[in-house]
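Before any comments, here is the structure.
Take a look at the structure:
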């Protein structure tokens, strides 16, 4: 495939650019409508994981203000086509306006996701967070990169696995993931090595068996997400001398069948400061929307969002193999 595509320099290696690969496969990425509004409510987090593309951490200063939250709620109230409010961070629960945004999203009839790192539930001031999530029917999307304590602690920090297991048991006790319950608990897997995720269905089966047998934990679904070669994870790859080989891996596994389901085709991402992006990854790289609209204050409604999508070479991460999105693999294994 590489011989048929115009080759451009990507850092120090020679790979076809992602836009040229799309052209080669006669693919034109377009946003149809905004069905998911993903809000990065702040980058403060109790953890500093190696794979974090946000570069979150305990001392990160970026946090969404109440004024910005008010404007997001106003836009959501005028957006019947938006089905999902996906709240992420950092640890989104650490933002003082998190609960208000969740509650209003539910009142407006949206499915509200909390992308929870689990350990935050035991931070000071978070003693009632799990109860709040359950009372409002918030979908919990919880990061658990492995069912092994060794792998999790190496990627996320010492003691994180044990606290994550405690948090999952707490959520289960409230009804999350239980058969017959409306409370949804989904887990997220990220590879601990620079490789593509294993087949999602296979990993889900492994997670169910291991978590049930060893801890009595249940959940609804497992999402596999490819680590994106940006920010903290990119720095890790550079330190290990593996950036070029990882980019080559993503390119060689480009799958044009994934492009119809890429999350940018029906998502809009909002930064902590109200700036608008095609996805959370573009947000972290500060790649703005095409056209004249740059912030939530530049638009009257979400219908003003352009259909064109900005891409760059990190997009290979979403389009490799079975595909990767905030909802896991895009194609059946």
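Residue numbers (the numbering used here): 461 to 793. Beta carbons: idealized from backbone N, C-alpha and C, even for Gly.
Considered as a whole, the region 576-639 harbours 589-595, 609-616 and 620-633 as its complete alpha helix (DSSP H) runs of no fewer than 4 residues, in chain order. For residue 771, the closest alpha carbon among the candidates 786, 740, 493 and 787 is that of 740. For residue 547, no alpha helix (DSSP H) segment is defined; the enclosing uninterrupted segment is the beta strand (DSSP E) at 544-548.
Between residue 769 and residue 491 a beta carbon distance of about 6 Å is seen, short of the 8 Å cut, so the two are scored as contacting.
Inclusion of residue 649 and residue 710 in the CB contact set at 7 Å is not warranted, their separation being larger than that value.
Residue 498 has 546 and 729 as its beta-bridge partners, per DSSP. Rounded to the nearest angstrom, the gap between the Cα atoms of residue 549 and residue 634 is 24 Å.
Ranked by how close their Cα comes to the Cα of residue 731, the residues 780, 614 and 552 have 552 in first place. Of the candidates 500, 667, 533 and 722, 533 places its Cα closest to the Cα of residue 561.
Per DSSP, the unbroken beta strand (DSSP E) holding residue 646 starts and ends at 645-649. For residue 773, the closest C-alpha among the options 682, 708, 526 and 583 is that of 708. Around the beta carbon of residue 733, fewer than 16 other beta carbons sit within 10 angstroms, so the residue counts as exposed.
Within the same chain, 577 and 648 come within 6 Å of residue 603 by CB-CB distance, once the 5 residues on both sides are set aside. Residue 490 is bridged by DSSP to 768. It is roughly 42 Å from the alpha-carbon of residue 747 to the alpha-carbon of residue 640. For residue 681, the enclosing beta strand (DSSP E) starts and ends at 681-684. DSSP places residue 529 within a helical segment (H, G or I) once states are collapsed to three. In this chain, the alpha helix (DSSP H) harbouring residue 777 covers 776-779. With contacts defined by Cβ atoms closer than 7 Å, residue 654 and residue 702 form a contacting pair. With respect to the 7 Å criterion, residue 637 and residue 680 are classified as neighbours on the basis of their beta carbons. Just measuring C-alpha positions, the residue of 759, 767 and 717 sitting nearest residue 735 is 759. Excluding sequence positions up to five before and after residue 671, its CB lies within less than 8 Å of the CB of 607, 628, 677, 678 and 679, all in the same chain and listed in chain order. Rounded to whole angstroms, the gap between the alpha carbons of residue 693 and residue 630 is 30 Å.
As the crow flies, the alpha-carbon of residue 609 is around 7 Å from that of residue 622. Of all C-beta pairs linking the region 489-503 to the region 717-728, three or more are shorter than 8 Å, placing the two stretches in contact. Here residue 503 carries a coil assignment [DSSP, helix/strand/coil]. In the DSSP secondary-structure assignment, residue 678 is not bridged to any residue. Look at residue 574 here: in three-state DSSP terms it is strand. Taking a C-beta distance under 7 Å as the contact criterion, residue 531 and residue 756 qualify as a contact pair. Excluding its 5 nearest sequence neighbours in each direction, residue 666 has no C-beta neighbour in its own chain below 6 Å.
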